[in-house]
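Here the sequence shown is numbered in this note's numbering, starting from 60 and rising by one per residue. Glycine included, every Cβ here is placed at the ideal spot set by N, Cα and C. Because the structure is a prediction, the values reported are computed rather than measured.
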Amino acid sequence: MIVKDLTKVGTAVKENGKTTADGAFDEYDVVIVGGGTAGCVLASRLTEDPSLRVLLLEAGDSSLKVVQSQIPSAYHMLFGGDKIYNLFTTPQVHLTDDKKVYWPRGACCSGSAVNAQIFHYGSPSDYDEWARLGGVGAQSWAYKNLKKYFLKFENFTPSKLHPGVDASLRGALGPVNVGFHGNHSVISESFIEACANVGIPRTSDLNTAHGTNGVAKVMTYINEKGRRVTTESAYLTPDVLARPNLIIGVNAQVTRVLFDTSDGGEPRANGVEFSDSRNRDVRALFRAKAKREVIMSYILLLSGIGPAAQLTEHNVPVVLDSPGVGAHLMDHPVVDTAFAEKEKNSYNFLIWPYGIWEWFRLFGAVLQYLVTGKGPLTTNVAEAAAFFRSKDEKLFPPGKEGLTPEPEEVASAPDAPDLEFFVSPMGFLEQGKGSLPPYNSLGLHMTLLRPTSLGSITLKSADPFDPPVIDPNYLATENDIAVLERGMDVLSRVAHAPPLANIIDHTNKDPRLGHRLTGASREEIRAYIRKHLQTLFHPTCTARMAPQADGGVVDADLRVYGVRGLRVVDASVFPRIVSGHTAAPTIAVAEKAADMIKETCTLLQNPEGDSGAIGGTAHRRAAHRRAES
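In structure tokens:
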């Protein structure tokens, strides 16, 4: 049930700090903070157990009411509006003019309401790396063990237009539609063939145990009706919302986690405090109690868990000095280029119709979408992608003229990629806000998958409505820009390879376009990278799973070190960023976490357990001791 009246979700707090019910407050087994990509999964899976009463608190409202988040191509229209947290990084000192990079985040249920809908989970070796980095017990995160959670959420639909996918390697019974329902333009097909012509092998499926190298039409989270699939639409169905043990409080801004320290042991998370996000009055507070666990994806710092010096600076009472919180930020930076397109196959009219004919094309596309659920409006923008290695000797033969020195090995395995190259059937710069000439163009985009530059997220103040201080520290290392240089070399080669070269107007001299990169010097390429670098919206690793001595924040069960009853479940727990897109890994993490949490709650209710289930009584007793600790 979705509830807007917060008095029916929690108990109001008086000005003296006491509740209106003489110290008691509403009680749930599990409280989930944030209805993002992971939060929706957890709410659905945990309430499959009718004995668990679950509260999900979301600062925004349902994304299903937002038209722009339902039409695949329209999500960029949300940028700058009130359905988005319009965040910016600090000035990036390694970018041109110390540029501040726009970091939009969804301000409504399901963080997957504003992404490019690419179903991709990186290289299998990324998860074997997690198992190595995650600390004691992290072997369960290896690919062979985590793979079942990817398959668990997938509901793959085969396509006659895109054959070659082995359906037996895809999940078929999960709640999340994946497949090829999105648009596939002439430009994208030309890109795939051009990549193959420069040496990037064509493939059918970028998500198998064989790895992710190659070029293909990407699979998307788009259903047969041409609508975006989010974790809200997939997991919080009417049947799930009707469960009596699930309450979803919307417009509920969590201000901090509450802790009990009365027994003298480690602090225990026993509830949350929240307010109405629409009036932003932190004096009008509500509280809800968590008997078992609090599961969160943010506000560790505001709750007093983080670097003690930072918390003290902002007058936040220190519950636990945890230096790793907010550190080790990793993101995928992308360099955008646009090229003049002479065959009029471009979809620039979806961003800015610049003439009467373009307005007619837009009207026709809207009509086609309304009638059939197909056409240009179902483009996910990044329609096809290539994954490759900056150390691939077939692409970068030793001694090649003008080639940047060989970068260090940063991939998770010798056959894993460190670069992603994708095409868009419309050109754009600065996330669609940059100035481009008023004619047809296409976009070629180069993404650094394995950055070695580390950033941070810190507090701006103790006000929960203040945005954090975001410093991704882009291009701080020489290796990052060296890898991107090699990527830009491939980008230029593909732009000049048939059949893509046949639809690009390479005679165009407009300085805003990417044509000028052909034959450019290393200094010019580097200058272009520093000027046009943006985020691909994949922040990770700020509460990473790793040994505490290595700056880890959570253990292999995603429990926060030094605190009882508190877990973090989202992309911030990644030990290292994956070499691909982050939505699918986040869903898989949430699916696995749900199983761990349900097992813990069952053990607390029945310590002896059933000898025939999950490895028997001995396993259950050991897990119970972990749960109690």
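Residue i in three-state terms, based on DSSP
i, result
"Ala682", "Confidence in Ala682 is poor, its pLDDT being 45 and thus under 50, which makes the residue's placement too unreliable to answer from."
"Phe250", "helix"
"Glu417", "helix"
"Thr659", "helix"
"Arg571", "coil"
"Gly546", "helix"
"Pro376", "coil"
"Asn145", "strand"
"Gly365", "strand"
"Lys63", "coil"
"Val469", "coil"
"Thr70", "strand"
"Ser500", "strand"
"Leu429", "helix"
"Glu460", "coil"
"Arg351", "strand"
"Thr506", "strand"
"Glu537", "helix"
"Leu701", "Residue coverage of the chain in this structure runs from 60 to 688, which leaves residue 701 outside it and unanswerable."
"Val313", "strand"
"Ser122", "helix"
"Trp411", "coil"
"Leu454", "coil"
"Phe422", "helix"
"Thr155", "helix"
"Thr517", "strand"
"Asp319", "strand"
"Leu137", "helix"
"Leu495", "coil"
"Leu488", "coil"
"Gly82", "Per-residue confidence for Gly82 stands at a pLDDT of 48, beneath the threshold of 50, marking its modelled position as unreliable; no derived number is given."
Residue i: first and last residue of the uninterrupted alpha helix (DSSP H) it sits in
i, result
"Pro392", "That residue, Pro392, is in no alpha helix (DSSP H); its beta strand (DSSP E) goes Pro392 to Ala399."
"Pro297", "Pro297 to Leu300"
"Gly434", "Run containing Gly434: none; DSSP gives neither H nor E here."
"Arg104", "Thr96 to Leu105"
"Leu559", "Leu559 to Ile562"
"Tyr87", "No alpha helix (DSSP H) holds Tyr87; the beta strand (DSSP E) holding it covers Asp85 to Val92."
"Asp187", "Pro183 to Leu192"
Pair within 8 Å by beta-carbon distance, residue i and residue j
i, j, result
"Thr271", "Gly639", "yes"
"Arg626", "Val612", "no"
"Asn236", "Tyr280", "yes"
"Ala328", "Val353", "yes"
"Ala615", "Gly193", "yes"
"Val309", "Gly139", "no"
"Asp29", "His240", "Coverage of the chain is limited to positions 60 through 688, which leaves residue 29 absent and any answer about it impossible."
"Leu116", "Val313", "yes"
"Ala649", "Ala97", "yes"
"Pro150", "Asp141", "no"
"Leu154", "Arg589", "yes"
"Pro497", "Tyr413", "yes"
"Lys401", "Gly258", "no"
"Val384", "Phe318", "no"
"Val637", "Asp322", "no"
"His373", "Ser520", "yes"
Residue interval of the beta strand (DSSP E) (run including residue i)
i, result
"Gly330", "Arg327 to Asp335"
"His591", "From DSSP, His591 is part of no beta strand (DSSP E) but of the alpha helix (DSSP H) over Arg581 to His591."
"Ile307", "Leu305 to Val309"
"Val482", "Leu478 to Ser483"
"Tyr161", "Tyr161 to Gly165"
"Val113", "Val113 to Glu117"
"Asp530", "Val528 to Asp530"
"Ser110", "Looking at the DSSP string, Ser110 is not in any beta strand (DSSP E), and its letter there is neither H nor E."
"Ala201", "Ala201 -> no beta strand (DSSP E), and no H or E assigned at all."
"Ala444", "Ala443 to Phe447"
Count the C-beta pairs between the region 379 to 392 and the region 590 to 600 that are closer than 8 Å, then say yes if the count reaches three, no if not.
Judged by Cβ distances under 8 Å, the region 379 to 392 makes contact with the region 590 to 600, as three or more pairs qualify.
Runs of alpha helix (DSSP H) wholly within the region 210 to 291 (minimum 4 residues, chain order)
Here the runs fully enclosed are 245 to 257.
Are three or more beta carbon pairs between the region 525 to 539 and the region 450 to 463 nearer than 8 Å?
No: the two stretches stay apart, fewer than three of their Cβ pairs being nearer than 8 Å.
Under 8 Å: do the region 461 to 481 and the region 436 to 447 share three or more Cβ pairs, one atom per stretch?
Here the region 461 to 481 makes contact with the region 436 to 447; the two share three or more CB pairs at distances below 8 Å.
In chain order, which continuous runs of the beta strand (DSSP E) of length 3 or greater are located wholly inside the region 584 to 646?
If only complete runs of 3 or more residues are kept, the region 584 to 646 shows the beta strand (DSSP E) at 592 to 594 and 625 to 627, in order along the chain.
Counting Cβ pairs closer than 8 Å, one from the region 96 to 112 and one from the region 297 to 311, do we hit at least three?
Yes, the region 96 to 112 is in contact with the region 297 to 311.
Are there three or more Cβ pairs, one per stretch, closer than 8 Å when the region 316 to 336 is compared with the region 631 to 646?
No, because fewer than three Cβ pairs between the region 316 to 336 and the region 631 to 646 fall closer than 8 Å, the two stretches do not touch.
Three Cβ pairs or more, each shorter than 8 Å: is that satisfied between the region 512 to 525 and the region 422 to 433?
Verdict: no, contact absent.
Looking at C-beta atoms only, is the number of pairs between the region 462 to 472 and the region 487 to 495 that lie closer than 8 Å three or more?
No contact exists between the region 462 to 472 and the region 487 to 495.
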